[in-house]
Amino acid sequence: SIMNEENLVIYQKWLDVAKDAYNLLKRFPKEEKFILAAQIRDAVINVGTLIIDVNEERSPHAKNEKANALDRAIKKVRTLFRLAEEFEYISHKNYLTICAKWIEVGRILGGWKRSFPQL
193 SIMNEENLVI YQKWLDVAKD AYNLLKRFPK EEKFILAAQI RDAVINVGTL IIDVNEERSP
253 HAKNEKANAL DRAIKKVRTL FRLAEEFEYI SHKNYLTICA KWIEVGRILG GWKRSFPQL
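First residue of the sequence shown: 193, per my numbering; consecutive thereafter.
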């Protein structure tokens with residue numbers, strides 16, 4: 193059954209990590225706020241949008257495809273934060289903290305996918 197996304201654990205976790213991500217992005221150097229920070233912001237929003245898309249999909253095959261796209265989107269966000277750490281826009285500690293939260297979103301996604309109807 194389709195739930196309101198606000199009731200989904202993965203959506204709530206995404207919301208929490210998105211807020212943390214935005215707080216980290218505020219610390220980026222001024223010249224990067226419209227480059228890497230903007231890419232990260234867009235990628236974070238994309239994850240939230242994909243959660244809604246997966247939740248609303250009724251076709252088991254399409255639901256799994258969208259969930260796979262969501263998994264790739266989560267990995268992209270982690271990759272972008274890795275780049276931010278490499279450029280020293282965020283500390284290694286902040287990188288580890290934010291990535292641990294994104295990994296948790298990925299784990300929740302894995303559990304959610306197991307609840308999908310089998311193909």
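Idealized CB from N, CA, C, for every residue including glycine. Being a predicted model, the structure only gives us computed values, none of them experimental.
query: C-beta contact flag for L216 and I300 at 7 angstroms; result: no
query: Cβ neighbours of W304 in the same chain (closer than 7 angstroms, five flanking residues each side left out); result: I202
query: Through-space distance from R219 to R306, alpha-carbon basis; result: 38 angstroms
query: Beta-carbon proximity check, I290 vs F273, cutoff 7 angstroms; result: yes
query: Cβ-based neighbour list, D263, same chain, cut-off 7 angstroms, excluding 5 preceding and 5 following; result: G298 and L301
query: Contacts around L242, its chain only, beta-carbon distance under 7 angstroms, and the 5 residues preceding and following it disregarded; result: K258, A261, L262 and A265
query: For S193, three-class secondary structure by DSSP; result: A caution first: S193 carries a pLDDT of 47, below 50, which makes its placement in the model unreliable, though a value can still be read off. Looking at S193 - three-state DSSP - the assignment turns out to be coil, as it is neither helix nor strand.
query: Nearest candidate by alpha-carbon position, reference A292, set Q310, F308, S251 and V269; result: V269
query: Through-space distance from D208 to K255, alpha-carbon basis; result: 24 angstroms
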